[in-house]
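Participant: Sharing a structure, written as structure tokens. Questions coming.
2 protein chains.
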Amino acid sequence: MDVCTLNAVTAEQVTRHERKERTRRALLDAALRLLADRGFASLSLREVTKQAGIVPTAFYRHFASMEDLGVALVEESMRTLRGMIRAARSAPASSAGIIRASVRTLVEHVRAHEDHYRFLTRERYGGTGTVQRAVAVELRLFSRELAVDLARFEGLREWSTEDLNMMADLIVTAMLGTVLDLLEARPGDTDAVAHIQRTAEKRLRLVTVGVPGWRSDG
Amino acid sequence: MDVCTLNAVTAEQVTRHERKERTRRALLDAALRLLADRGFASLSLREVTKQAGIVPTAFYRHFASMEDLGVALVEESMRTLRGMIRAARSAPASSAGIIRASVRTLVEHVRAHEDHYRFLTRERYGGTGTVQRAVAVELRLFSRELAVDLARFEGLREWSTEDLNMMADLIVTAMLGTVLDLLEARPGDTDAVAHIQRTAEKRLRLVTVGVPGWRSDG
DNA sequence: CTATTGAGTGTACGCGTGTGCACTGAATGG
DNA sequence: CCATTCAGTGCACACGCGTACACTCAATAG
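This is the structure:
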């Protein structure tokens, strides 16, 4: 293999892959668009391909099945979610303002990626089979990461792993509830969003204000 | 109308209604059975009628549409949920043991009505259109009722309505998470159930232990 | 320059869907 | 006793579904 051949190969793969990747994206985006107001289970292969602008049978060049596409969407959406927590982590962390900052990050992130968050919340609870399980697994991992973050805070250092996980689960659950509220609010309704934001902050404060008085045994 | 006629009329309506009601029940039960591992949206009229043992077109003698049947299921399931909170209310209420007792009531109730709780949790988040909205509305009412209950507790008497609603929402959300955990645990896995139960108690304790230190303004 | 690869096409199939329509036959009412 | 009501039947239809199969025709490889 000389340089020329190598370049050729590289060029081929780039262009080839590029084209294929573009169609793959079109399929994922088409699915996401259709999922705006319906569950993944009620999504048909034909609908998705039509929306993506290709013929039904070409679908199989990219995914082995709809379920496969669903799992790909889970991975993509979870990448978005992790992006959010990374943003929240790197925000100014005055221990008092951290809740306010985190909630603001969440609200902005949900606005910017409505489709991913809608997909995750819907399929976590309403989903079926492989897709639901994939979301459940990823969210559990996510919650465990949050538990590690929590362990660094004052007053939580000596908590047991189990208790930290319990608290992280509670926070994630509450957060998903907030996400749902945000998604159900009409997009332009700033009053509603402000109220949801305030309520979300209160929820987190109520959870954290109990930390000093916590005892693990009932 | 003499007595005889009246009796006849009564007998007719009873028997007539009885027969119809029995088929209606069969349809609801069939749907519930099929919903054990699938979402309501992916349920077909033909499947339900087949499972219920009648011919597809006879469906319309009982419901105007599948959506209609879904709303009926929401109402029925919410009646079950309200039964649970009534049971929890009437349990021995030593302020310390109330959490433990409430969680036990919840766990037993979910075991006894798995199908209803599965339906509610699934359609609350994963649902679509009329059914999801019906569940959302009913759950909001339920949460408001819980807020009224909370207002009777020591330390919560002087809380604002908004704060009480916030706390009630948080509790309902956490409770629904517990329901989900219970439904996902394999039926016979008593270890898993015990762990879920313990975690649920801790969640509630973490929420309530913060009450004395609560201040409404951030 | 020629051969191969592979993304996307078009046709065709059997199946499950919701629902319209004319019907049966037992329960009911006068 | 006869007429009416109405829950449930059986047939028919048009449609959307997943996918098998043979294909086109650029991009790529040697």
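Just so you know, the protein sequences line up as chains A and B, in that order.
Per this note's numbering, residue 69 is the first one in the first sequence, and the count goes up by one each step.
Per this note's numbering, residue 69 is the first one in the second sequence, and the count goes up by one each step.
Ideal Cβ placement from N, Cα and C applies to all residues, glycine included.
1) Would V277 of chain B count as contacting chain A if we go by Cβ distances under 8 Å?
2) What first and last residue would you give for the alpha helix (DSSP H) that runs through G197 of chain B?
3) Going along chain A, which residues have a C-beta under 7 Å from E269 of chain B?
4) Looking at the unbroken alpha helix (DSSP H) that takes in D231 of chain B, where does it start and where does it end?
5) What do you reckon, are the CB atoms on L250 of chain B and I264 of chain B nearer than 8 Å?
6) Give me the Cα-Cα distance between L248 of chain A and H130 of chain B, rounded to the nearest whole angstrom.
7) Which same chain residues, not among the five before or five after L113 of chain A, have their C-beta less than 8 Å away from its C-beta?
8) Given a threshold of 16 other Cβ atoms within 10 Å of its Cβ, counted over all protein chains shown, does A236 of chain B qualify as buried or as exposed?
9) Check each residue of the region 217-236 of chain B: if its Cβ is closer than 9 Å to any Cβ of chain A, include it; give the result in chain order.
10) Identify whether G223 of chain A lies in helix, strand or coil by the three-state DSSP scheme.
11) Just to confirm before moving on: does the CB-CB distance between T173 of chain A and A161 of chain A stay below 8 Å?
12) Under a Cβ-count criterion, where at least 16 other Cβ atoms within 10 Å of its own Cβ denotes burial, should K88 of chain B be classed as buried or exposed?
13) In the DSSP assignment, the alpha helix (DSSP H) including F187 of chain A goes from what residue to what residue?
14) For my contact list, V139 of chain A and A202 of chain A are in at a C-beta cut-off of 8 Å; report their separation, rounded to the angstrom.
15) At 9 Å on the CB atoms, spell out the chain A contacts of D105 of chain B, in chain order.
16) Note down the Cα distance separating E206 of chain A from I122 of chain B, rounded to an integer number of angstroms.
17) If contact means a Cβ-Cβ distance below 8 Å, which residues of the region 109-126 of chain A contact chain B?
18) Give me the residue from B:R147, B:A156, B:L224 with the minimum Cα distance to L209 of chain B.
19) Within 8 Å (strictly less), CB to CB, does V193 of chain A reach chain B?
20) Kindly indicate the opening and closing residues of the alpha helix (DSSP H) around D259 of chain A.
21) Can you give the beta carbon distance from G107 of chain B to G194 of chain A, rounded, assuming they're within the 8 Å contact cut?
22) Determine the direct distance from the alpha carbon of L111 of chain A to that of Y185 of chain B, and round the result to whole angstroms.
23) Go through its chain and collect everything with a Cβ distance to H177 of chain B's Cβ below 6 Å, but skip five positions before and after it.
24) Taking L149 of chain A as the query, report the chain B residues whose CB atoms sit under 7 Å from its CB, ordered along the chain.
25) Any idea what DSSP makes of H85 of chain A, helix, strand or coil?
26) Between the region 166-182 of chain A and chain B, which residues of the former have a C-beta closer than 9 Å to a C-beta of the latter?
Facilitator: Walking through what the data contain:
1) Interface residue (Cβ-Cβ distance to chain A less than 8 Å): V277 of chain B is classified as such.
2) Note, G197 of chain B: alpha helix (DSSP H), 197-218.
3) Near E269 of chain B (Cβ distances below 7 Å), the residues of chain A are G286.
4) Under the DSSP assignment, D231 of chain B falls in the alpha helix (DSSP H) whose first and last residues are 229-252.
5) A contact, by the Cβ cut-off of 8 Å.
6) One C-alpha to the other measures close to 33 Å.
7) Around L113 of chain A: P124, F127, M134.
8) It counts as buried.
9) Within the region 217-236 of chain B, the residues whose Cβ lies closer than 9 Å to some Cβ of chain A are E230, D231, N233, M234, M235, listed in chain order.
10) Per DSSP, reduced to three states, the secondary structure at G223 of chain A is coil, with no helix or strand assignment.
11) No, Cβ-Cβ distance for T173 of chain A and A161 of chain A is not below 8 Å.
12) The residue in question, K88 of chain B, is exposed, as its Cβ has fewer than 16 Cβ neighbours within 10 Å.
13) It spans 182-194 - the alpha helix (DSSP H) in which F187 of chain A sits, taken as one unbroken run.
14) With a Cβ gap of about 5 Å, V139 of chain A and A202 of chain A count as contacting.
15) Ordered by position in chain A, the residues that pass the 9 Å Cβ test against D105 of chain B are T196, G197.
16) Distance between the alpha carbons of E206 of chain A and I122 of chain B: 42 Å.
17) Within the region 109-126 of chain A, the residues whose Cβ lies closer than 8 Å to any Cβ of chain B are, in chain order, A109, S110.
18) Residue nearest to L209 of chain B within the set B:R147, B:A156, B:L224 is B:R147 (criterion: CA-CA distance).
19) Looking at the sequence provided, one finds Tyr at residue 193 of chain A rather than Val. At least one beta carbon of chain B lies nearer than 8 Å to the beta carbon of Y193 of chain A.
20) The continuous alpha helix (DSSP H) containing D259 of chain A extends over residues 258-277.
21) With a Cβ gap of about 5 Å, G107 of chain B and G194 of chain A count as contacting.
22) Spanning the two alpha carbons is a distance of roughly 25 Å.
23) For H177 of chain B, where only same-chain residues beyond five positions count, the Cβ hits under 6 Å are M152.
24) Result: empty, since nearest Cβ-Cβ is about 16 Å, beyond 7 Å.
25) The answer is helix: DSSP assigns H85 of chain A an H, G or I state.
26) I167, R168: these are the residues of the region 166-182 of chain A whose beta carbon lies less than 9 Å from some beta carbon of chain B, given in chain order.
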